[in-house]
Amino acid sequence: MSPQDPPSDQTKPDDVSDLPHDSGPAGGWGSLKGIARIFGDQWPSPTVTDTLRRLNKPGGTMCASCAWPKPANYHAFEFCENGAKATIWESTSARCTPDFWDDHTVSALRDWADHDLESTGRLTAPMRYDADTDRYVKVSWDEAFSEIGTILKGLPPEEVVFYSSGHAGLEAAYLWALMARAYGNNNLPQSSNMCHETTSVGLTKVIGSPVGTVIWEDLEQTDCFFFFGQNPGTNSPRFLHPLKAAKDRGAKIVTFNPVREQGLISFVDPQDLHAMTTGEATVISDQYHQLRGGSDIAAILGICKAVIEADDAIGGVIDWAFINEHTQGFEDFIDFARTTPWQAICAECGLPESDLRDAARVYMQAERVIGVYGMGLTQQTHGSWNIGMLTNLLMLRGNIGRPGAGICPVRGHSNVQGQRTVGIAEKTKLIPMDKLRNLFGFEPPQQDGLHIVDAAQGLIDGTVKAMVCLGGNLMRALPDTDRLEQAWPRQRLSVMISTKLNRSHLYPGQSAYILPCLTRSEVDDQESGNQWITIEDSFSMIHGSRGHRKPASPDLKSELAITCGIARAITPANPALTWEAWQADYARVRDLIEATYPDDFKDMNARMNQPGGFWRGNPAHERVWKTDSGKAEFTVPDKLNALDFDDAPGRFRLLTMRSNDQFNTTIYGYSDRFRGIEGTRDVLLMNPEDMAEAGLSHGDIVSLVGDAADGLPRRLDGLSVVHFDLPRGTVGSYYPECNVLIPVGLHDQLSKTPASKGVPVRIQATRPTA
Ligand SMILES: Nc1nc2c(c(=O)[nH]1)N[C@H]1C(S)=C(S)[C@@H](COP(=O)(O)OP(=O)(O)OC[C@H]3O[C@@H](n4cnc5c(=O)[nH]c(N)nc54)[C@H](O)[C@@H]3O)O[C@H]1N2
Ligand SMILES: Nc1nc2c(c(=O)[nH]1)N[C@H]1C(S)=C(S)[C@@H](COP(=O)(O)OP(=O)(O)OC[C@H]3O[C@@H](n4cnc5c(=O)[nH]c(N)nc54)[C@H](O)[C@@H]3O)O[C@H]1N2
Ligand SMILES: [Mo]
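Next comes the structure, spelled out in C-alpha cells:
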C-alpha cells in the first residue's frame, strides 16, 4: 500500500449480488455482534468498558450519541448498540498525529471515504493549513488563537458564522453564544437547523413550545403510540425498552413509515436473559402503514376524517371541552377534513381507506395517546404542516397536556436541544438580551443572524467569509455538496473544533485551523479539578456528566477552553467577561446560565446530578399556550403532501436514510443489518414494480439525477439497485452521499430545515451487471 492509499478497501464495496433482508428483531444478539465488530476494528483503550458501565447514570458520562432521556431507574447497562459504538469510536487507540501529514496531502485525501478519514483516529494537536505544501502543520494553541483573532477582528462581524453541532455541553454552548454576541453578531446556526428546526418553529407556532411535551412518566402511562417518520431501532434504541414495557401492559403502537424499520417491528431486549436465550421477541407495531414518501398530511387527515365521522355518527369521540377552551381554528380544520374526499387522501398516501380507518379505531379506543415523530416529518418542504397535522390529530381528543399523552419529537445530537435553550440561536427574539446587557454590560447585536441554509447560500455567494465550527462536518451534512465544495475554500478563514478528521477539513479556507478537543468521556482537568458539564435530553431534563478516561493526547483542550481561547482573542476587553475564571471552574458558568434563565435552571449546580435529571418544565405540558393567540392552533395545509413538486412520469421521491452503522456523517462501517445491506452504502432502494417498469434488475448500476425546479445539474453515480419493500414512486439512498442531489433552497417553508426526505430525482441506467 502506498502512503497515499486509503487504509482499507471499504471504499470499493462489494457488488451487491444478493441482499437477503435480515428479518431478525432489533436488539438481541445482533446488537451485541454489532458492538463487538466495532470494538475489534477500533482497539479502544481498555478503560472503555468502565466508561460504558457508567454511561447515562448519575455521576457518570452522558452518552455522546443521541438525546434520548436517561431514566431515574436505570438498567445495569444503560446504553444501546449505537451508544456503545459512539463511545468505542471516540475511545479508539488510533491517533491522527501531525506526522500523518508527512505522507498525505489534503487534495489526495479527498479521494478517501468518510469512514477512512475518521478511522485515522483521534486528532492530537492543533493544526494550521499550509497552502505551499497542501498539508496541515502543527501550530501552538497560543499562535492559533492569536492568528484566528487577528483575522476575525479584521472582518465585518456580519460576515463571520459561529456554527455549533449539538455535542458540546450547556456551559460551552452558553459561552459560545456569548462570544458571538460580544464579538458582534447573532450568526449562531446549529445542527438543529438541518434537523428539528421544523419543531422549534412549527411546534412553537401551534402549541407555543419549541420542544416536546412528553416526559418519562407519560411513557409509562400511555396506552398508545403513533409513530411518524422516526426510527428508534437505529437512532434512539433505548426507546425500545419503554416501548416493550408499554406493549407488555397492553398498549398499542401504530406506525406510518414508507420503510419497514426493524426496530418498529420486533425487539429482543439484550438485557433480558430469558428473551435472549429463547429468542422470544416483542412485537412492536400493531399496525404498520407504508405510506408514500412525503404524504403524511394526507394520511393524518384521513385518520382525523374518520374520527370526525365517528363523532358525527355516535358523538362523544371528539374532546369538545378541550377544543372549546384551548384551541383556535377548529372550524376551518373540520371543514377541510369534511370536504377533502377519501379518494384524494388515499391517492396521495397510497394507503386504502380501510387502513386509515383501522388506525383511527386504535386512536379512538385509546385514552392516552403519544404522537412520536422524527426526520420523516421535519425534513420536508412543508414539514411545519406535517407537525401541525400531527398536532391536529392529538388535539381532536385532547391528547396534549395531560398524563400519558402528548407530542414527542425525538431529538438528534445528545445536547442539541439544550444548546438552543442556553442561547445558541440566530433569532434575536429567542434571547433575553436585557439579561445579557445587565450581566455583561455590553449592547448585544440587534439584527437576526444567519440560519445554516443562509450561511451555505452566503458561502456560495461569497458574502460569508469565515466559518468557525464547534464540532460537525458541514461539508457533508449540508445540501448541495458540489456547490459547497467550490465555495468553502474561498473563505478567508475556516476553523473546525473536532475530534476526528473529516471531509470539511479537506476544503481549507485561505487560512484554516483544526482545533482538536476532548470528548465527553475524558477527564477535563482545569484549575478547580475535573469538570462537570451538563446536557439537556429530548424530554427537557438536565443531567450532569463527567469524564473519567485519560485524554487521547496531552495537547487537547476542552470545548469550553477552546471557546474561551477564541473569545479572548476576538472580544473587546470587558471586566465582566471573565473568560479565564469561567474556564477555571465551570460551576461559575452554570451560575451564569441560572442568572440568564432563572425559571429553567433554578439551583442548577445543586440539582444537576439528580437521578433522571431535573426538569426544566414546559408550559404546554400544563396546557399554557405561548402562541400568538394564546391558544393551541389547528393547522389547515394548502395541499395533501409536504413536497414542493408534483408527480411526473420518471420522477421519484427520494428519502435520504441513515444506516444502522453511522452517526450522521460519521460512518462506523458498512453494515446496515436491519435492512440486509452489507459491504456497501452505494445503493438505491426501489420497489420491484418500479424497477420492472424502468427496465432495471437487482444489482444494476444507476445514477440519480436531481430534478428540482431550479434546473441546476446534480447527480450521484454508481448506485446499485436493490429491490426493496417500498411504496411505488418512493426510493431510498444514504445520507450523506445523497446531499449532492439536494438544492440548498429546498427546505421547509417556515423553518428552512432542508427537505432531505423529499427530494425530486430521476434514475439513469449506467450499466447492467455482468
Ligand atoms: N445510530 C444513530 N443514531 C442517531 C443518528 C445517527 O445518524 N445514527 N442521528 C442522530 C440525529 S442528529 C438525529 S436528528 C436523529 C434522527 O433520527 P430519525 O428522526 O429517526 O431520522 P432518520 O433515520 O433520518 O429518518 C427517520 C425515519 O423517517 C422515515 N421517513 C422518510 N420519509 C418519510 C415520510 O415522508 N413520512 C414518514 N412518515 N416517514 C418517513 C424513514 O424511513 C426513517 O425510518 O437520530 C439521532 N441518533
Ligand atoms: N441528506 C441528509 N442530510 C442531513 C440529514 C439527513 O437525514 N439527510 N440529517 C441532518 C441532521 S438531522 C443533522 S443533525 C446534521 C448533522 O450535521 P453535523 O452535526 O454538522 O455533523 P456530524 O456528522 O454530527 O459531525 C461529525 C463530526 O463531529 C466531530 N465530533 C464528534 N464528536 C465531537 C465532540 O464531542 N466535539 C466536537 N467539537 N466535535 C465532535 C467529529 O470531528 C466528526 O467528524 O446533518 C443533516 N444532514
Ligand atoms: Mo439531527
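Per our numbering, the sequence shown starts with residue 13, numbered consecutively. Backbone N, C-alpha and C define an ideal beta-carbon position, used for all residues, glycine too.
Could you tell me whether any non-hydrogen atom of ligand 3 is closer than 6 angstroms to the CB of G424?
Within the sequence shown, the letter at position 412 stands for residue 424. Yes, the Cβ of G424 comes within 6 angstroms of a heavy atom of ligand 3.
Secondary structure at H33, three-state DSSP: helix, strand or coil?
Position 21 of the sequence shown, counted from the start, is the residue given in the question as residue 33. Bear in mind that a pLDDT of 48 at H33, under 50, signals an unreliable position, so the number given afterwards is only what the model happens to contain. It is coil, neither helix nor strand.
Roughly how many angstroms separate the alpha carbons of M204 and A156, rounded to a whole number?
The residue labelled residue 204 in the question sits at position 192 within the sequence shown. The residue labelled residue 156 in the question sits at position 144 within the sequence shown. It should be noted that the sequence gives Ser, not Met, for residue 204. In a straight line, the C-alpha of S204 is about 28 angstroms away from that of A156.
Would you mind reading off the limits of the beta strand (DSSP E) that contains M553?
Along the sequence shown, one-based indexing puts residue 553 at 541. Note, M553: beta strand (DSSP E), 553 to 557.
For G262, which residues in the same chain have their Cβ closer than 8 angstroms to its Cβ, ignoring the five residues on either side in sequence?
Translated into positions along the sequence shown, residue 262 becomes position 250. Within the same chain, G262 has close Cβ partners D235.
Report the rounded CA-to-CA distance for L405 versus E645, giving the unit in angstroms.
Translated into positions along the sequence shown, residue 405 becomes position 393. Translated into positions along the sequence shown, residue 645 becomes position 633. Approximately 12 angstroms between the Cα atoms of the pair.
Within its chain, find whatever has a CB closer than 8 angstroms to the CB of P755; leave out the 5 residues flanking it on each side and keep chain order.
Counting from one through the sequence shown, the residue named residue 755 turns up at place 743. The residues are P491, D492, G718, A720, D722, L724, R726.
Of all the options T403, R147, G416, V743, which has the alpha carbon lying nearest to the alpha carbon of P254?
In the sequence shown, the residue the question calls residue 254 occupies position 242. When only C-alpha atoms are compared, the closest one is G416.
Using a Cβ-based criterion (distance less than 6 angstroms to any ligand heavy atom), does R670 qualify as near ligand 1?
The sequence position of residue 670 within the sequence shown is 658, counting from 1. True, at least one ligand heavy atom lies under 6 angstroms from that Cβ.
I'd like to know whether the C-beta atoms of H555 and I547 end up nearer to each other than 7 angstroms.
Here residue 555 refers to the residue found at position 543 of the sequence shown. Here residue 547 refers to the residue found at position 535 of the sequence shown. Yes; because the gap between Cβ atoms is below 7 angstroms, this pair is in contact.
S119: first and last residue of the uninterrupted alpha helix (DSSP H) it sits in
On the sequence shown, residue 119 is found 107 positions in, with the first residue counted as 1. Where S119 is concerned, the enclosing alpha helix (DSSP H) stretches over 118 to 121.
I'd like to know whether the C-beta of A573 is nearer than 7 angstroms to at least one C-beta of chain C.
Given the protein chain composition of this structure (a single chain), no chain C is represented.
If contacts are defined as beta-carbon pairs under 8 angstroms, then R670 and T246 qualify, I think. What distance do you get, rounded to the angstrom?
Position 658 of the sequence shown holds residue 670. Position 234 of the sequence shown holds residue 246. So it is a contact: roughly 6 angstroms between Cβ atoms.
How about the stretch 169 to 187 and the stretch 475 to 492: do they share at least three Cβ pairs that are nearer than 8 angstroms?
Short answer: they touch.
Hey, quick one: how far does the alpha helix (DSSP H) through H253 stretch, first residue to last?
By 1-based counting over the sequence shown, the position of residue 253 is 241. Where H253 is concerned, the enclosing alpha helix (DSSP H) stretches over 252 to 260.
Using alpha carbons as the reference points, say which of E321, K638, L728, V771 lies closest to V743.
In the sequence shown, the residue the question calls residue 743 occupies position 731. V743 has its Cα closest to that of V771, out of E321, K638, L728, V771.
Does the separation of the CB atoms of S550 and A84 fall below 7 angstroms?
One-based indexing of the sequence shown puts residue 550 at position 538. One-based indexing of the sequence shown puts residue 84 at position 72. No, these two residues do not count as a Cβ contact at 7 angstroms.
At a cut-off of 6 angstroms, would you count C207 as near ligand 3, judging by its Cβ distance to the nearest heavy atom?
One-based indexing of the sequence shown puts residue 207 at position 195. C207: yes, Cβ under 6 angstroms from ligand 3.
When burial is assigned at 16 or more other CB atoms within 10 Å of the CB, is V28 buried or exposed?
Taking the first residue of the sequence shown as position 1, residue 28 is located at position 16. Its pLDDT being 38, under 50, V28 is placed unreliably in this model, and the value from its coordinates should be taken loosely. Under this definition V28 is a buried residue.
Should D473 go down as buried or exposed, given a rule of 16 or more other Cβ atoms within 10 Å for buried?
Against the sequence shown, residue 473 aligns to sequence position 461. Label assigned to D473: exposed.
When you compare the CB positions of Q391 and K45, do they come within less than 7 angstroms of one another, or not?
Within the sequence shown, the letter at position 379 stands for residue 391. Within the sequence shown, the letter at position 33 stands for residue 45. Taking 7 angstroms as the Cβ cut-off, Q391 and K45 do not qualify as a contacting pair.
Beta carbon of R147, beta carbon of D737: below 7 angstroms?
By one-based count along the sequence shown, residue 147 stands at place 135. By one-based count along the sequence shown, residue 737 stands at place 725. It is not a contact, given that the beta carbons lie outside the stated cut-off.
So, P169 versus Y186, is the Cβ gap smaller than 7 angstroms?
Position 157 of the sequence shown, counted from the start, is the residue given in the question as residue 169. Position 174 of the sequence shown, counted from the start, is the residue given in the question as residue 186. No, they are not a contact pair.
Per DSSP, cross-strand counterpart(s) of L482:
As a first step, residue 482 is located in the sequence shown; it is residue number 470 there, counting from the start. DSSP output for L482 lists S176, I509 as bridge partner(s).
Option nearest H463 by Cα separation, candidates Q340, N199, A704:
Your numbering for residue 463 matches position 451 in the sequence shown. Ranking Q340, N199, A704 by Cα distance to H463 puts N199 first.
Express the C-alpha separation of S103 and F675 in angstroms, rounding to a whole number.
As a working mapping, residue 675 is identified with position 663 in the sequence shown. As a working mapping, residue 103 is identified with position 91 in the sequence shown. In a straight line, the C-alpha of F675 is about 15 angstroms away from that of S103.
Is N617 helix, strand or coil when you go by DSSP?
As a first step, residue 617 is located in the sequence shown; it is residue number 605 there, counting from the start. In this structure, N617 counts as helix in the three-state DSSP scheme.
Assuming R740 and N699 are in contact, meaning their beta carbons sit under 8 angstroms apart, how far apart are those beta carbons, in whole angstroms?
Taking the sequence shown and counting its residues from 1, one reaches residue 740 at position 728. Taking the sequence shown and counting its residues from 1, one reaches residue 699 at position 687. Rounded, the Cβ-Cβ distance is 5 angstroms, consistent with contact.
For G291 and Q283, what's the separation of their Cα atoms in angstroms?
Here the question's residue 291 lines up with position 279 in the sequence shown. Here the question's residue 283 lines up with position 271 in the sequence shown. Approximately 12 angstroms, taken between the alpha carbons.
Hey, V384 and F239: beta-carbon distance below 7 angstroms or not?
Here residue 384 corresponds to residue number 372 of the sequence shown, with the count starting at 1. Here residue 239 corresponds to residue number 227 of the sequence shown, with the count starting at 1. Contact flag set, yes.
Measure the Cβ-Cβ separation of A189 and G435 and say whether it is below 7 angstroms.
Position 177 of the sequence shown, counting from 1, holds the residue named residue 189. Position 423 of the sequence shown, counting from 1, holds the residue named residue 435. Their beta carbons are under 7 angstroms apart, which means A189 touches G435 by this criterion.
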